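Presented below is the structure to which this report refers.
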Amino acid sequence: MKSFAEITSTLLPLDRSNVDTDAIIPQQYLKSVKRTGFGVNLFDNWRYQDPGLLGQDHSQRRLHEDFVLNQEKHQDAKILLARENFGCGSSREHAVWSILDYGFEVVIAPSFADIFCSNCYKNGLLPITLNDGDVDYLFEQVKADASYQCYVNLDSQIVKDENDKSFSFQIDEFRKYCLLNGYDEIDLTLQHESKIKEYEEKLKLTSPWLFAAN
Amino acid sequence: MQNKTLYDKVWQNHVVHERDDGMSLIYIDRHLVHEVTSPQAFEGLRLAKRDLWRKDSILATVDHNIPTTDRSAGIDDVISKTQVDTLDQNCKDYSLTQFSMLDARQGIVHVIGPEQGASLPGMTIVCGDSHTSTHGALGALAFGIGTSEVEHVLATQCLLMKKSKNMLVKINGQCQSGVTAKDIVLAIIGKLGTAGANGHTIEFAGSAIRALSVEGRMTVCNMSIEAGGRAGMIAVDDATIEYIAGRPFSPKNEHWELAVKQWRMLNSDEGAHFDSEIDINADELQPQVTWGTSPEMVADVNGSVPDNVSDDQRRALQYMDLQPGTSISDIKVDKVFIGSCTNSRIEDLREAANIIQDRKLASNIKLAMVVPGSGLIKQQAEQEGLDIVFKAAGFEWREPGCSMCLGMNADQLEPGERCASTSNRNFEGRQGKGGRTHLVSPVMAAAAAVHGHFVDVRRYL
Ligand code: SF4
């Protein structure tokens with residue numbers, strides 16, 4: 716997995732709540748059997764006027780010029796700033812893949828949907844939860860000046876802006892450790908191989924029907 | 533011993549290892565697999581040269597991409613076909629149990645799990661799909677996972693996670709005739725909001741839940757995720773055990789006796805602690821219709837779209853092309869979809885057919901379709917003559933799959949079209965770019981098909 720340590724970047728303000736995974740990446744792109752190439756279809760229905768298909772040349776499609784992702788001034792942002800319950804809806808990890816593939820490394824919001832959040836951690840995308848007031852502040856700053864930047868440091872769990880205002884955020888120790896080191900969770904789990912086997916043997920005795928041939 | 537909730541019990545039974553910070557390794561009993569969220573997981577497994585941990589825990593099927601029209605000639609859409617073929621190939625390579633497109637047992641993954649007896653009480657059940665919460669209706673801990681987690685379960689039979697909080701949603705009283713499981717869950721979401729149960733496992737309880745059939749309970753648990761709850765659960769009772777008995781994958785003989793004994797304990801202890809609790813009175817519930825682009829934007833059929841709207845609601849109404857204050861019964865629909873893992877089981881079809889019987893589609897309905905949840909449900913419905921009832925009214929009778937619930941196949945709304953749909957999500961573009969979705973129960977969808985706009989189905993009953 717990709718590791719994450721720190722970043723300094725401008726922010727892209729997506730001022731809507733309950734942004735669902737269907738909006739992040741619409742259904743037709745889920746037909747891909749790959750993990751890559753979704754960035755061009757991030758927020759596809761909001762970004763383009765005409766409908767798109769997997770594998771087509773998207774550079775020819777008509778843009779919704781006023782959609783924030785299409786605005787020149789936010790082109791380099793690596794931090795996506797969003798509202799509450801970001802990533803609700805389906806479990807499609809394609810949502811996280813498309814955000815990463817587009818070039819974001821951090822999403823800041825007042826809250827995230829559970830499955831989306833766990834998908835972030837598995838891919839090295841850092842979801843940061845700040846309170847409503849702090850998120851409001853960040854929106855105000857970015858809207859006033861698109862070149863406004865923040866510094867994010869995972870180890871010290873801090874977001875700091877160019878006015879030296881800083882916000883600390885919470886993250887599970889284990890998640891942090893995996894992200895900082897880019898660890899593969901499967902490897903970590905397989906360190907407990909004998910425990911899993913032991914559990915399974917016990918289960919065969921107590922609930923044998925779970926293992927009866929289908 | 534501390535009093536435990538149903539969720540506490542099932543969780544505790546599956547902890548393989550717990551770290552000091554609470555991060556736990558949880559054993560997974562059943563892994564359901566479909567074509568959309570699995571190819572990258574199998575690919576990851578191959579790249580890392582890892583083997584599958586436990587093949588007999590897996591049941592696979594195709595549902596999202598497949599056509600609902602004649603399938604004998606295969607799939608026209610090359611990209612969809614690739615995804616379906618990839619699952620077929622993976623199942624072949626790893627010798628997994630799969631119901632492929634032409635198998636009568638094929639269907640929507642959340643319909644076939646319980647139907648086959650592959651989803652059982654007390655199990656941990658996962659699938660790369662958020663509506664895995666459906667299976668919680670049987671007293672299982674069932675939740676959706678992402679593709680990396682699919683790979684993790686394939687490789688280790690476990691997941692790394694923290695225990696969530698407990699929420700109790702109690703629906704007391706009794707629903708009036710014509711008010712269904714779908715209306716209960718839409719009302720719950722309306723009350724909780726789409727993020728109301730984030731970080732929680734919901735237990736649904738109360739007399740109105742007890743009175744539901746197991747299929748109705750699945751409808752309720754199915755939409756837990758629409759309130760933000762990754763899992764929804766319902767305690768085991770006689771109805772649960774009766775439902776499971778005799779299904780192909782259910783325990784047999786002496787295993788059955790042993791299993792039932794354990795399942796009987798799958799309920800919350802008296803006085804168990806819930807982190808939050810809400811009560812709903814079923815007596816007062818009316819049929820529900822969503823008017824916006826989030827399932828929480830819902831109203832009584834005799835009510836109207838709100839007058840005073842927030843920014844999000846205004847944006848939703850714009851997308852839906854509705855004015856604030858519009859009466860729900862004034863909303864005309866173009867298409868009707870009866871199907872999805874929420875409402876495509878035999879009882880749903882029976883109830884809808886009952887409304888349609890000897891009636892015709894309203895003239896403004898461009899298309900009305902019924903998509904059974906599985907091949908076996910389709911067969912059953914045909915034996916009962918339900919297909920005849922639907923077809924006589926002007927409905928199309930299709931092959932099983934996800935279909936217009938998300939429009940990955942050809943079944944989609946055109947931009948601007950408005951649909952009465954028994955599915956679970958009314959997000960922008962969910963049923964096709966620019967399409968407008970109103971979520972309703974099967975009987976409400978049937979009544980809308982007959983009238984061409986929403987009507988209170990209770991007037992038929
Ligand atoms: S029917 Fe709809 S919600 Fe259910 S699994 Fe299929 S696409 Fe998902």
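Protein chains in written order, with our numbering: chain A, 716 to 929; chain B, 533 to 993.
Note that the Cβ used here is the ideal one computed from N, Cα and C, for glycine as well.
As the structure is a computational prediction, the values presented were derived from the model and not from experiment.
Residue 901 of chain A: contacting residues in chain B (beta-carbon distance under 8 Å): Those within 8 Å of residue 901 of chain A in chain B are 580, 582, 683, 684, 687, 688.
Near the ligand SF4: residue 663 of chain B beta-carbon under 7 Å from a heavy atom: Distances from the CB of residue 663 of chain B to the heavy atoms of the ligand SF4 include at least one below 7 Å.
Three-way DSSP call (helix, strand, coil) for residue 982 of chain B in this model: Of the three classes helix, strand and coil, the one that applies to residue 982 of chain B here is helix, per DSSP.
Chain B contacts from the stretch 915-926 of chain A (Cβ-Cβ distance under 9 Å): So the list reads 915, 918, 921, 922, 923, 924, 925, 926, given in the order they occur along the chain.
CB contact check: residue 785 of chain A to chain E, cutoff 8 Å: The chain labelled as chain E is not found among the protein chains of the depicted structure, namely A and B.
Element boundaries [alpha helix (DSSP H), containing residue 868 of chain A]: Counted as a single uninterrupted DSSP element, the stretch harbouring residue 868 of chain A is not any alpha helix (DSSP H) but the beta strand (DSSP E) occupying residues 864-868.
Residue 595 of chain B: CB within 7 Å of a non-hydrogen atom of the ligand SF4: Indeed, a heavy atom of the ligand SF4 lies less than 7 Å from the Cβ.
Whole-angstrom distance between residue 760 of chain A and residue 840 of chain A, CA atom to CA atom: Straight-line spacing of the CA atoms in residue 840 of chain A and residue 760 of chain A works out to 23 Å.
Per-residue burial, residue 739 of chain B [other beta carbons within 10 Å of its own, 16 or more giving buried]: Residue 739 of chain B comes out exposed.
Cβ-based neighbour list, residue 667 of chain B, same chain, cut-off 6 Å, excluding 5 preceding and 5 following: Cβ within range, chain order: 645, 651, 657, 674.
Cβ-heavy atom distance, residue 558 of chain B to the ligand SF4, below 7 Å: Answer for residue 558 of chain B: no, Cβ out of range of the ligand SF4.
Proximity test, residue 983 of chain B beta-carbon vs the ligand SF4 heavy atom, cut-off 7 Å: The answer is no for residue 983 of chain B.
Length at least 4, wholly inside the stretch 724-778 of chain A: the alpha helix (DSSP H) runs in chain order: Runs found: 736-739, 759-762.
Cβ-heavy atom distance, residue 657 of chain B to the ligand SF4, below 7 Å: Residue 657 of chain B Cβ: outside cutoff for every heavy atom of the ligand SF4.
Proximal residues of chain B, C-beta to C-beta of residue 828 of chain A below 8 Å: Contact of residue 828 of chain A with chain B by beta-carbon distance below 8 Å involves 727, 730, 760.
Neighbourhood of residue 586 of chain B by C-beta, 7 Å cutoff - its chain only, sequence neighbours within 5 removed: The beta carbon of residue 586 of chain B sits closer than 7 Å to the beta carbons of 689 from its chain, once the five residues preceding and following it are set aside; these are given in chain order.
Interface flag, residue 494 of chain B vs chain A, CB-CB below 8 Å: With chain B covering 533 to 993 only, the question about residue 494 of chain B has no answer from this structure.
Supposed contact pair residue 729 of chain B and residue 760 of chain B - C-beta distance, whole angstroms, cut 8 Å: Contact holds; Cβ gap of about 4 Å.
Contacts of residue 907 of chain A in chain B (Cβ-Cβ under 9 Å): Ordered by position in chain B, the residues that pass the 9 Å Cβ test against residue 907 of chain A are 548, 549, 557, 688, 690.
Unbroken beta strand (DSSP E) run spanning residue 951 of chain B, endpoints: 950-953 is the span of the beta strand (DSSP E), which, as asked, contains residue 951 of chain B.
8 Å Cβ cut-off: residues of chain A touching residue 719 of chain B: Within 8 Å Cβ-Cβ: nothing; residue 719 of chain B doesn't reach chain A, min ~19 Å.
Three-pair Cβ contact test at 8 Å for the stretch 534-554 of chain B versus the stretch 754-769 of chain B: The way I'd put it, the stretch 534-554 of chain B does touch the stretch 754-769 of chain B; three or more beta-carbon pairs between them come closer than 8 Å.
Which of helix, strand or coil DSSP assigns to residue 716 of chain A: In the structure shown, residue 716 of chain A sits in coil (DSSP, three-state: anything other than H, G, I, E or B).
Own chain residues within Cβ distance below 7 Å of residue 988 of chain B, not counting five before or after: Closer than 7 Å at Cβ, skipping near neighbours: 819, 833, 834.
Alpha-carbon to alpha-carbon, residue 569 of chain B and residue 659 of chain B: Across the structure, residue 659 of chain B and residue 569 of chain B are spaced so that their CA atoms are roughly 9 Å apart.
Alpha carbon of residue 611 of chain B to alpha carbon of residue 771 of chain A, nearest angstrom: Taking the straight line from one Cα to the other gives about 12 Å.
Per-residue DSSP class, three states only, for residue 567 of chain B: Coil.
Any non-hydrogen atom of the ligand SF4 within 7 Å of residue 941 of chain B CB: The ligand SF4 has no heavy atom closer than 7 Å to the beta-carbon of residue 941 of chain B.
Contact set between the stretch 725-742 of chain A and chain B, restricted to residues whose Cβ is under 9 Å from the partner: For chain B, the residues of the stretch 725-742 of chain A that bring a beta carbon within less than 9 Å of one of its beta carbons are 730, 731, 732, 733, 735, 736, 737, 738, 741, 742, in chain order.
Proximal residues to residue 561 of chain B (C-beta, below 6 Å), its chain only, five neighbours per side dropped: Cβ within range, chain order: 655, 656.
Residue burial classification, residue 824 of chain A (beta-carbon count within 10 angstroms, cutoff 16): It is buried - the Cβ of residue 824 of chain A has at least 16 other Cβ atoms within 10 Å.
For residue 732 of chain A, the nearest candidate out of B:727, B:565, B:902, B:721 (CA to CA): With distances taken between Cα atoms, residue 732 of chain A lies closest to B:727.
Candidates A:922, A:723, A:926: closest to residue 819 of chain A by CA position: Comparing Cα positions, the closest option is A:723.
Proximal residues of chain B, C-beta to C-beta of residue 889 of chain A below 7 Å: In chain order: 551, 553, 555.
Any 3 or more C-beta pairs closer than 8 Å across the stretch 860-871 of chain B and the stretch 912-919 of chain B: Verdict: no, contact absent.
Residues that residue 783 of chain B contacts on chain A, provided the C-beta gap is smaller than 8 Å: Against residue 783 of chain B, the close residues of chain A are 924, 927, in the order they occur along the chain (beta-carbon pairs closer than 8 Å).
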